[in-house]
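>
There are 2 protein chains.
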Amino acid sequence: MVRRNIPLVEQVLHELVSDIDRGEYAHADGMLPSEADLALNFKVSRATVRDALSRLETAGVVIRRHGVGTFVNQFVTEHPAGLQDWFEEAHGFVDALTSLGGDPQVLVLRSVIEPAGEMSTRLQLPSHENPVIILEKVITSAGAPLIHSLNAIPLALLPSELQAQGAELASQSDSTFRFLETYCHCRVHHQQSEIRATLAGAHLASVLAYAPTEPCLRVEEVAYSVDLVPLFYGLNHFRGDLVSFRQIRRPTLNLTNVPS
Amino acid sequence: MVRRNIPLVEQVLHELVSDIDRGEYAHADGMLPSEADLALNFKVSRATVRDALSRLETAGVVIRRHGVGTFVNQFVTEHPAGLQDWFEEAHGFVDALTSLGGDPQVLVLRSVIEPAGEMSTRLQLPSHENPVIILEKVITSAGAPLIHSLNAIPLALLPSELQAQGAELASQSDSTFRFLETYCHCRVHHQQSEIRATLAGAHLASVLAYAPTEPCLRVEEVAYSVDLVPLFYGLNHFRGDLVSFRQIRRPTLNLTNVPS
DNA sequence: AAGTGGTCTAGACCACCAT
DNA sequence: TGGTGGTCTAGACCACTTA
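Chains as they are written, first to last, in this note's numbering: chain A, 12 to 271; chain B, 12 to 271.
#1: What are the residues in the stretch 203-232 of chain B lying within 7 angstroms of chain A by C-beta distance?
#2: In angstroms with no decimal places, state the Cα-to-Cα distance between Arg250 (chain A) and Gly154 (chain A).
#3: Relative to the alpha-carbon of Ile124 (chain A), which residue among A:Ile158, A:Leu173 and A:Asp252 has its alpha-carbon at the smallest distance?
#4: Show which residues of chain B have a CB atom less than 9 angstroms away from the CB atom of Val28 (chain A).
#5: Which of the residues in the stretch 164-180 of chain B, read from start to end, lie with their CB under 8 angstroms from any CB of chain A?
#6: Would you list the one or two residues that DSSP bridges to Asn247 (chain B)?
#7: Got a sec: which bits of the stretch 58-74 of chain B sit with their beta carbon under 7 angstroms from any beta carbon on chain A, in order along the chain?
#8: Nearest-angstrom Cα distance between Ala234 (chain B) and Ile150 (chain B)?
#9: State yes or no: is the beta carbon of Arg198 (chain A) nearer than 8 angstroms to at least one beta carbon in chain B?
#10: Does the beta carbon of Ser138 (chain A) fall short of 7 angstroms from some heavy atom of the ligand COA?
#11: Under 8 angstroms between C-beta atoms, does Glu100 (chain B) make it to chain A?
#12: Kindly indicate which residue of B:Leu146, B:Leu27 and B:Ala222 has the alpha-carbon position closest to the one of Leu67 (chain B).
#13: Have a look at Pro270 (chain A) and Val55 (chain A) and give me their C-alpha separation to the nearest angstrom.
#14: Any beta carbon of chain A sitting closer than 8 angstroms to that of Ser255 (chain B)?
#15: For Cys197 (chain A), which residues from the same chain have a beta carbon less than 7 angstroms from its beta carbon, with the 5 sequence-adjacent residues on both sides left out?
#16: Just verifying my parser: in three-state terms, what is the DSSP assignment at Glu192 (chain A)?
#17: Determine the burial state of Gly34 (chain A): buried for a count of at least 16 other Cβ atoms within 10 Å of its Cβ, exposed for fewer.
#18: At what residues does the alpha helix (DSSP H) containing Ile124 (chain A) begin and finish?
#19: Which whole-angstrom value describes the C-beta separation of Gln95 (chain B) and Arg257 (chain B), a residue pair presumed to lie in contact below a C-beta threshold of 8 angstroms?
#20: Going by DSSP, what residue range makes up the beta strand (DSSP E) through Asn203 (chain B)?
#21: Which whole runs of the alpha helix (DSSP H) in the stretch 49-113 of chain A are 4 residues long or more, in chain order?
#22: Using CA coordinates, which residue listed in A:Ser29, A:Ser152 and A:Asn16 is at the minimum distance from Thr88 (chain A)?
#23: How many Å lie between Leu146 (chain B) and Asp114 (chain B) at the Cα?
#24: Which value, in whole angstroms, describes the spacing of the CA atoms of Leu43 (chain A) and Val143 (chain B)?
#25: What are the partner residues of Leu166 (chain A), as DSSP defines its beta bridges?
#26: If we call anything under 8 angstroms between Cβ atoms a contact, is Glu232 (chain A) one with Gln203 (chain A)?
#27: For a contact meaning CB atoms closer than 7 angstroms, what does His201 (chain A) contact in chain B?
#28: 8 angstroms is my cut-off, CB to CB: does Gly272 (chain B) come that close to chain A?
#29: Starting from the beta carbon of Val237 (chain B), find every residue of chain A whose beta carbon is closer than 8 angstroms, and list them in chain order.
#30: Leaving out five residues before and five after Ser186 (chain B) in sequence, what residues of the same chain have Cβ atoms less than 7 angstroms from its Cβ?
#31: What is the residue span of the beta strand (DSSP E) that Arg257 (chain B) lies within?
#32: Please state if the CB of Thr69 (chain A) and the CB of Thr69 (chain B) are separated by a distance shorter than 8 angstroms.
#33: To which residues does DSSP link Met42 (chain B) through a beta bridge?
#34: Can you have a look at Thr59 (chain B) and say buried or exposed, based on whether 16 or more other CB atoms are within 10 angstroms of its CB?
#35: Given that Phe86 (chain B) touches chain A, what residues does it touch there, using C-beta distances under 7 angstroms?
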């Protein structure tokens, strides 16, 4: 499954990223060479360099200023990614925690196959009776329970010969993402999330070793494949005293130049 | 300050957006014409069409599938933007509320000039003594107080002849964004935000007509100009029962094709 | 095999910012 | 005025999906 023939854009991308990581442009203003120079150095066309720089810009790694130059966003390079960025990127918190060196422990509270019930709407299942794999977990890091998570995966995504063992396979996987890729051969393209503040309440308090009257971040989400098929529903609660999320906010489309 | 000579990419962008809004591609799968066809119709090169489509894709309006086609993300077209999207876009909540037809009321609780104190670090001011404009507001919509916001703007951003009236001018502006553009001639490029869950507490409860033991979303942020000068610090609290934020989460950079 | 988006080039000109 | 990023073109070929 390894791709040969890595596109030039991605090679340039990697070069630039590792140059930035190595602190190549860490001097005063962090300005990169001009696009023309980069094109010469990498022996590619300027369009290819621009493509790579555009991707770095949308990722927030670099800031381009018309008539001035391209600069590394030093805030990003100075602040290593962690659980804080989980809400911005789309991947499991277990991965986010391990990449931070947090050594997370996953405790599976429940893994069963049940009718979807009210979740059928969000998962675009025809009826409340369609079966889903329910996975309830608590993630602990450095001895403290941080996250309670409840996932529902439509059983129909699993090849029929594996459906009987669905609950088992899911509970043994590192994360829902990996489970979907390994057994369902599908990949999460994006997630639609909603975040709000709630009180822990009795159930969460007991599994998170928290007080019922303490605040939590509640993130509800649906993951979709590239062709907009719902892959799973998630309801996650984060201890308000231990977890926060970071985000870079930026206007995306500039639709202000309306002529009419 | 109006730009003539609107770039072709932006014109194509607008055409596509209004076509999508008009429901031009609202049939079954929402597939757009091929890039080659669009280029022919708009009488531009395919590269220009691709540029426009790329921007729509990063904005989440459109999904491109290699070898298949380009499709409108019907979730986005079906769910009109509102305050929920405030945390993803970077603009004031007053604008977000008005665009929703919410008719927000702004109550200025305080507008004074004070030493920056502990906020000097985040605003990259040389000393705690540097003056900032403090602006404390409550935003009410449909009779309910939704948001408490505290902003601190370095006084030095204001032209010296206006600094004496700084607090007044800020309190009379619709939003901090407009104040910065109108009087300081600078524009917010992006914001670094952090979101967490807290309890309201005594002060917030009184101004938000809420109970002290109820949950709030707490968003702390610093806005930067394109050359990374901090423009303002913001500390915002949202009533947990009335406000939630939506977000599309998606992996940004694909750095998995690491050859070495 | 036909149609789609993805990559890549070389070259041109424009718009912006500093000096 | 010189250097930077932004726009734009025409054409080529590749990679992926579907039938």
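C-beta: ideal position from N, C-alpha, C; glycine also.
On the basis of the coordinates in this document:
#1: Of all residues in the stretch 203-232 of chain B, Gln203, Ser204, Glu205, Ile206, Arg207, Ala208, Thr209, Leu210, Thr224, Pro226, Cys227 and Leu228 have a Cβ within less than 7 angstroms of some Cβ in chain A.
#2: As a position in the first sequence, residue 250 (chain A) is number 239, starting the count at 1. As a position in the first sequence, residue 154 (chain A) is number 143, starting the count at 1. The alpha-carbon atoms of Arg250 (chain A) and Gly154 (chain A) are separated by roughly 14 angstroms.
#3: Residue numbering aside, residue 124 (chain A) sits at position 113 when the first sequence is read from its first letter. Selection A:Ile158, A:Leu173 and A:Asp252 evaluated against Ile124 (chain A) yields A:Leu173 as nearest (Cα-Cα).
#4: Here residue 28 (chain A) corresponds to residue number 17 of the first sequence, with the count starting at 1. Here the neighbours are Leu264 and Leu266.
#5: none
#6: Here residue 247 (chain B) corresponds to residue number 236 of the second sequence, with the count starting at 1. B:Ser160 and B:Val230.
#7: Arg66, Thr69, Ala70 and Ile74
#8: As a first step, residue 234 (chain B) is located in the second sequence; it is residue number 223 there, counting from the start. As a first step, residue 150 (chain B) is located in the second sequence; it is residue number 139 there, counting from the start. Each residue's Cα considered, the two are about 20 angstroms apart.
#9: Counted from its first residue, the first sequence places residue 198 (chain A) at position 187. Chain B, which has no Cβ nearer than 8 angstroms to the Cβ of Arg198 (chain A), makes this no.
#10: The ligand COA is not part of this structure, which contains no ligands at all.
#11: Residue 100 (chain B) sits at position 89 when you count from the first residue of the second sequence. Yes, because at least one Cβ of chain A sits closer than 8 angstroms to the Cβ of Glu100 (chain B).
#12: One-based indexing of the second sequence puts residue 67 (chain B) at position 56. Looking at the Cα atoms, B:Leu27 is the closest of the given residues.
#13: For the purposes of this step, residue 270 (chain A) is taken as residue 259 along the first sequence, with counting starting at 1. For the purposes of this step, residue 55 (chain A) is taken as residue 44 along the first sequence, with counting starting at 1. Per-residue confidence for Pro270 (chain A) stands at a pLDDT of 48, beneath the threshold of 50, marking its modelled position as unreliable; the derived number appears in the next sentence. Cα to Cα, Pro270 (chain A) sits roughly 37 angstroms from Val55 (chain A).
#14: In the second sequence, counting from the first residue as 1, residue 255 (chain B) sits at position 244. Chain A, which has a Cβ nearer than 8 angstroms to the Cβ of Ser255 (chain B), makes this yes.
#15: Here residue 197 (chain A) refers to the residue found at position 186 when the first sequence is read from its first residue. Leu168, Leu191, Ser236 and Leu242.
#16: As a working mapping, residue 192 (chain A) is identified with position 181 in the first sequence. Three-state DSSP puts Glu192 (chain A) in a helix.
#17: Sequence index remark: in the first sequence, residue 34 (chain A) carries index 23 (1-based). Exposed.
#18: On the first sequence, residue 124 (chain A) is found 113 positions in, with the first residue counted as 1. Here Ile124 (chain A) belongs to no alpha helix (DSSP H); instead the beta strand (DSSP E) covers Gln116 to Pro126.
#19: Position 84 of the second sequence, counting from 1, holds the residue named residue 95 (chain B). Position 246 of the second sequence, counting from 1, holds the residue named residue 257 (chain B). Confirmed, about 4 angstroms.
#20: Sequence index remark: in the second sequence, residue 203 (chain B) carries index 192 (1-based). Sequence check: residue 203 (chain B) is Gln here, not Asn. That run of the beta strand (DSSP E) goes His201 to Leu210.
#21: 57-69, 85-89 and 104-110
#22: Position 77 of the first sequence, counting from 1, holds the residue named residue 88 (chain A). Here the closest residue by C-alpha is A:Ser29.
#23: In the second sequence, the residue the question calls residue 146 (chain B) occupies position 135. In the second sequence, the residue the question calls residue 114 (chain B) occupies position 103. For Leu146 (chain B) and Asp114 (chain B), the distance between alpha carbons rounds to 21 angstroms.
#24: Indexing the first sequence from 1 puts residue 43 (chain A) at position 32. Indexing the second sequence from 1 puts residue 143 (chain B) at position 132. When rounded, the distance between both Cα atoms is 33 angstroms.
#25: For the purposes of this step, residue 166 (chain A) is taken as the residue at position 155 of the first sequence. Beta-bridge pairing links Leu166 (chain A) to no other residue.
#26: Mapped onto the first sequence, residue 232 (chain A) falls at position 221. Mapped onto the first sequence, residue 203 (chain A) falls at position 192. Yes, Cβ-Cβ distance for Glu232 (chain A) and Gln203 (chain A) is below 8 angstroms.
#27: What you label residue 201 (chain A) is simply residue 190 of the first sequence in a count that begins at 1. What His201 (chain A) touches in chain B: Ile259, Arg260 and Arg261.
#28: The structure shown has nothing for residue 272 (chain B), since chain B only spans 12 to 271.
#29: Locating residue 237 (chain B) in the second sequence gives position 226, where the first residue counts as 1. What Val237 (chain B) touches in chain A: Ile74 and Arg76.
#30: For the purposes of this step, residue 186 (chain B) is taken as residue 175 along the second sequence, with counting starting at 1. For Ser186 (chain B), where only same-chain residues beyond five positions count, the Cβ hits under 7 angstroms are Gly103, Val105 and Asp106.
#31: In the second sequence, residue 257 (chain B) corresponds to position 246, counting from 1. Boundaries of the beta strand (DSSP E) harbouring Arg257 (chain B): Phe256 to Arg260, taken from the DSSP string.
#32: In the second sequence, the residue the question calls residue 69 (chain B) occupies position 58. In the first sequence, the residue the question calls residue 69 (chain A) occupies position 58. Yes, Cβ-Cβ distance for Thr69 (chain B) and Thr69 (chain A) is below 8 angstroms.
#33: Here residue 42 (chain B) refers to the residue found at position 31 when the second sequence is read from its first residue. Residue pairing by DSSP places Met42 (chain B) opposite B:Phe82 in a beta bridge.
#34: Walking along the second sequence from the start, residue 59 (chain B) turns up at place 48. With 16 or more other Cβ atoms within 10 Å, it is buried.
#35: For the purposes of this step, residue 86 (chain B) is taken as the residue at position 75 of the second sequence. Simply Gln203.
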